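Below: the structure, in structure tokens.
2 protein chains.
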Amino acid sequence: MLSKKTKYGIKALTFIARQPERNPVQTSEIAKSENISQKFLESILLILRKSGFLGSKKGKGGGYYLIKEPKDIKMTAIIRVLEGPIAMVPCVSLNYYEKCDDCPDEKTCSVHKLMIQVRDSTLNVLGDNTLADLT
Amino acid sequence: MLSKKTKYGIKALTFIARQPERNPVQTSEIAKSENISQKFLESILLILRKSGFLGSKKGKGGGYYLIKEPKDIKMTAIIRVLEGPIAMVPCVSLNYYEKCDDCPDEKTCSVHKLMIQVRDSTLNVLGDNTLADLT
DNA sequence: TAATAACCTACTAAATCGATAGGTTAATAG
DNA sequence: CTATTAACCTATCGATTTAGTAGGTTATTA
Numbered sequence: 001m002l003s004k005k006t007k008y009g010i011k012a013l014t015f016i017a018r019q020p021e022r023n024p025v026q027t028s029e030i031a032k033s034e035n036i037s038q039k040f041l042e043s044i045l046l047i048l049r050k051s052g053f054l055g056s057k058k059g060k061g062g063g064y065y066l067i068k069e070p071k072d073i074k075m076t077a078i079i080r081v082l083e084g085p086i087a088m089v090p091c092v093s094l095n096y097y098e099k100c101d102d103c104p105d106e107k108t109c110s111v112h113k114l115m116i117q118v119r120d121s122t123l124n125v126l127g128d129n130t131l132a133d134l135t
Numbered sequence: 001m002l003s004k005k006t007k008y009g010i011k012a013l014t015f016i017a018r019q020p021e022r023n024p025v026q027t028s029e030i031a032k033s034e035n036i037s038q039k040f041l042e043s044i045l046l047i048l049r050k051s052g053f054l055g056s057k058k059g060k061g062g063g064y065y066l067i068k069e070p071k072d073i074k075m076t077a078i079i080r081v082l083e084g085p086i087a088m089v090p091c092v093s094l095n096y097y098e099k100c101d102d103c104p105d106e107k108t109c110s111v112h113k114l115m116i117q118v119r120d121s122t123l124n125v126l127g128d129n130t131l132a133d134l135t
């Protein structure tokens, strides 16, 4: 299941990407429009800023804005930052690999074999889609 | 993330499917071989029996056995029973659909659009794979 | 200097996860 | 008939995660 954090993050980024001008968008505006708790959204946008997706400006007229072009922001990148690993088990994760404490041998593990396929197909979809595709 | 429940369940089913004879396999044997807490595994095999994947026999020489051929057991079916929905958001789930309380319109929701693609690609992989493929 | 909006820290209620504990029931062996 | 075996059932539990809330501080603008 996708966490609300990730879901809200994607919605917020889409909202910002949809803006005709490149003017900063305020958290409050996104929160109201997308039915998200403003405080919760604040923490999410902060993460996205620290991860290099967004820039910010304080004070009146401030807000968040995209740093890169929507078409250059892959969904894999967004989801990895907000949700963590895309793989369903750590032992097939490319960016968050971890060995299973059960499972003596990954090569003979049935789950491993299956989850590599799931990972790859998911990766294909999320790698092909950019923020521009969601606009 | 895949829960241990599902992971263990798949491993156990694979273990049973690998048996040369169709003799019942005991929980204790699977637990030991696959490094799974026996009590936890008991509860998982019970679910799989109640869902129609396994038959059981009590007493000495008892255990669990497959009811259908491994090649006739799709991974989608197993995962739906143990893990629940395959979709990453309830609003794109085929078997566990639920409307999002935020999101007034699914048609214009960016997350919805994306997650349908993820769902379909995952469904393809899990639908193509049967227990026989994991053996 | 006041208002604004991002930024930061800490806390919390509820749910879920991965078990563990301690039994009961049904089938088999002797 | 009795003991053993292994599935079956019920309850509980500590740890972690989730989705927030509360209450402030800092930087920018009018």
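So the protein sequences, as listed, match chains Y and R. Just so we're aligned: 41 in the UniProt record's numbering is position 41 of the first sequence, and the numbers increase by one with no gaps anywhere. Just so we're aligned: 121 in the UniProt record's numbering is position 121 of the second sequence, and the numbers increase by one with no gaps anywhere. The C-beta atom is built at its ideal place from N, Cα and C for all residues, glycine as well. Quick caveat: nothing in here was measured; it's all calculated off a predicted structure.
Residue closest to residue i, alpha-carbon to alpha-carbon, out of the options
i             : options                                : result
Lys7/Y        : Ile67/Y, Gln26/Y, Arg80/Y and Lys60/Y  : Arg80/Y
Ile73/R       : Leu13/R, Leu45/R and Thr108/R          : Leu13/R
residue 137/R : Asn23/R, Arg22/R and Glu29/R           : Residue 137/R cannot be examined here, being either before or after the span of chain R that is shown, 1 to 135.
Tyr26/R       : Lys4/R, Lys5/R and Gly55/R             : Sequence inspection shows Gln at residue 26/R; the Tyr mentioned does not correspond to that position. When only C-alpha atoms are compared, the closest one is Gly55/R.
Leu45/Y       : Ser33/Y, Lys60/Y, Leu66/Y and Gly61/Y  : Leu66/Y
Ser51/R       : Glu83/R, Lys71/R and Lys39/R           : Glu83/R
Met115/Y      : Ser37/Y, Ile86/Y and Met75/Y           : Ile86/Y
Thr130/Y      : Ala77/Y, Lys71/Y and Cys91/Y           : Lys71/Y
Ala31/Y       : Pro24/Y, Phe15/Y, Glu21/Y and Leu2/Y   : Phe15/Y
Asn48/R       : Pro20/R, Met1/R, Cys109/R and Gly63/R  : It should be pointed out that residue 48/R corresponds to Leu in this sequence rather than to Asn. Taking only the C-alpha atoms, the option nearest Leu48/R is Gly63/R.
Gly61/R       : Leu41/R, Ile78/R, Arg22/R and Lys107/R : Arg22/R
Lys57/Y       : Pro24/Y, Thr76/Y and Asn35/Y           : Pro24/Y
Leu123/Y      : Leu134/Y, Met88/Y and His112/Y         : Met88/Y
Interface flag, residue i vs chain Y, CB-CB below 8 Å
i        : result
Lys11/R  : yes
Gln117/R : yes
Val92/R  : no
First through last residue of the beta strand (DSSP E) which encompasses residue i
i       : result
Ser56/Y : Leu54 to Lys57
Gly63/R : Gly63 to Leu66
Continuous alpha helix (DSSP H) stretch holding residue i: start and end
i        : result
Tyr97/Y  : Per DSSP, Tyr97/Y belongs to no alpha helix (DSSP H) and is neither H nor E.
Met75/Y  : Met75 to Leu82
Glu21/Y  : Premise fails: Glu21/Y is in no alpha helix (DSSP H) and is neither H nor E.
Asp128/R : Ser110 to Asp128
Glu42/R  : Gln38 to Lys50
Glu29/Y  : Thr27 to Glu34
Leu131/R : Leu131 to Leu134
Any chain R beta carbon closer than 8 Å to residue i
i             : result
residue 140/Y : Residue numbering for chain Y in the displayed model covers 1 to 135; residue 140/Y lies beyond these limits and cannot be assessed.
Glu29/Y       : no
Asn124/Y      : yes
Glu106/Y      : no
Ile47/Y       : no
Asn95/Y       : no
Thr130/Y      : no
Ile16/Y       : no
Leu2/Y        : yes
### Query
Does the pairing of the region 86 to 104 of chain Y with the region 93 to 108 of chain R give three or more beta-carbon distances under 8 Å?
no
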